[in-house]
Amino acid sequence: MPDPAYIPVLPGPPQRGLLPLQGLTVLAVEDSRFACEALRLMCQRAGARLRRADTLAAARAHLATYRPDVAIVDIGLPDGEGTALIADIANSQRRPVVLLATSGDPAAEAPARLAGADGFLPKPIERMADFLAQVLDRLPESLPFPAGTDSPAAPDPIALIDDLRRAEGYLAKGLPQPWLTGFLAGLARQAHDPALAAALPVLSSAHGQARLRRLIRQRIAEGPPAFASAPGQCRI
């Protein structure tokens, strides 16, 4: 006869692993492969899986099929403003649990929140602690930060070269300057390259564009070790 004092323990819902974002999927809508590589390293360290869309069109195609747990949307994208996508996601029945905006322009935060973003990540996103704080504060249950979250992420420098080649191609095609200026400004911040940042204010002139093309070619020829990481950066 069963012991009347015995209360069986019924299985509960599956628990996440020991990593704070274990089992979650993150969609990064980000035009820079270099910036996205930093996010990928942070997600990997936290146990999440990262998917990337580099345009609004690619993001919409992804969201038509998949529902990420977290979405991070860059405000400046080649085919439009990220705020439009944020508004669509925020009003969708398949809304992610966490919806964040990101930009190198602090003035982008207010319109992003107005569109429906839960939070804002200023670029460059380098510290894992900053990234996790924005995500974990909005999850129903969260685990402690893993050790070493204050260390800056050093993304694969080959991704930086890819971004520079992409910018070189856009310059040759004469694509809209506001987006290209924002793309290169974000790249300069992420790569800690003040010379690249200084070349952007004169991009509207033919002389400025020629100077920028020379600088980009020089950076590509130098290769990543010359300028890709700030002193003291470590890989995650």
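If you're matching positions, the sequence shown starts at 1026 in my numbering and goes up one per residue.
Positions of the beta carbon are idealized from the N, C-alpha and C atoms, including for glycine.
Could you compute how far the alpha carbon of R1070 sits from the alpha carbon of L1044?
What you label residue 1070 is simply residue 45 of the sequence shown in a count that begins at 1. What you label residue 1044 is simply residue 19 of the sequence shown in a count that begins at 1. Each residue's alpha carbon lies about 8 Å from the other.
With 16 as the cutoff for other CB atoms within 10 Å, does R1119 come out buried or exposed?
Here residue 1119 refers to the residue found at position 94 when the sequence shown is read from its first residue. Per the 10 Å Cβ criterion, exposed.
Taking only the alpha-carbon atoms, compute the straight-line gap between A1222 and A1235 and give it to the nearest angstrom.
Translated into the one-based positions of the sequence shown, residue 1222 becomes position 197. Translated into the one-based positions of the sequence shown, residue 1235 becomes position 210. When rounded, the distance between both Cα atoms is 15 Å.
Can you say whether R1239 is buried or exposed, counting buried as having 16 or more other CB atoms within 10 angstroms of its CB?
Here residue 1239 refers to the residue found at position 214 when the sequence shown is read from its first residue. So R1239 ends up on the exposed side.
Given that a residue counts as buried once 16 or more other Cβ atoms are within 10 Å of its Cβ, and exposed if not, what is E1151?
Here the question's residue 1151 lines up with position 126 in the sequence shown. E1151 is buried by the Cβ-count criterion.
8 Å is my cut-off, CB to CB: does A1115 come that close to chain B?
Considering every chain present, this structure includes no chain B. It has just one protein chain.
Under DSSP, the alpha helix (DSSP H) around R1236 begins and ends at which residues?
For the purposes of this step, residue 1236 is taken as the residue at position 211 of the sequence shown. First-last of the alpha helix (DSSP H) with R1236: A1231 to E1247.
What did DSSP end up calling V1098 once you bin it into helix, strand or coil?
One-based indexing of the sequence shown puts residue 1098 at position 73. Three-state DSSP puts V1098 in a strand.
Enclosing beta strand (DSSP E) for T1050 [first to last residue]
On the sequence shown, position 25 is the one that residue 1050 refers to. Looking at the DSSP string, the run of the beta strand (DSSP E) that includes T1050 is T1050 to V1054.
What whole-angstrom Cβ distance do A1132 and V1098 have, given they're in contact under 8 Å?
What you label residue 1132 is simply residue 107 of the sequence shown in a count that begins at 1. What you label residue 1098 is simply residue 73 of the sequence shown in a count that begins at 1. That belief does not hold up - the Cβ atoms of A1132 and V1098 are roughly 16 Å apart, past 8 Å.
Express the C-alpha separation of P1165 and F1059 in angstroms, rounding to a whole number.
Working through the sequence shown from its first residue, we reach residue 1059 at position 34. Working through the sequence shown from its first residue, we reach residue 1165 at position 140. In this structure, the straight-line span from the alpha carbon of F1059 to that of P1165 is close to 31 Å.
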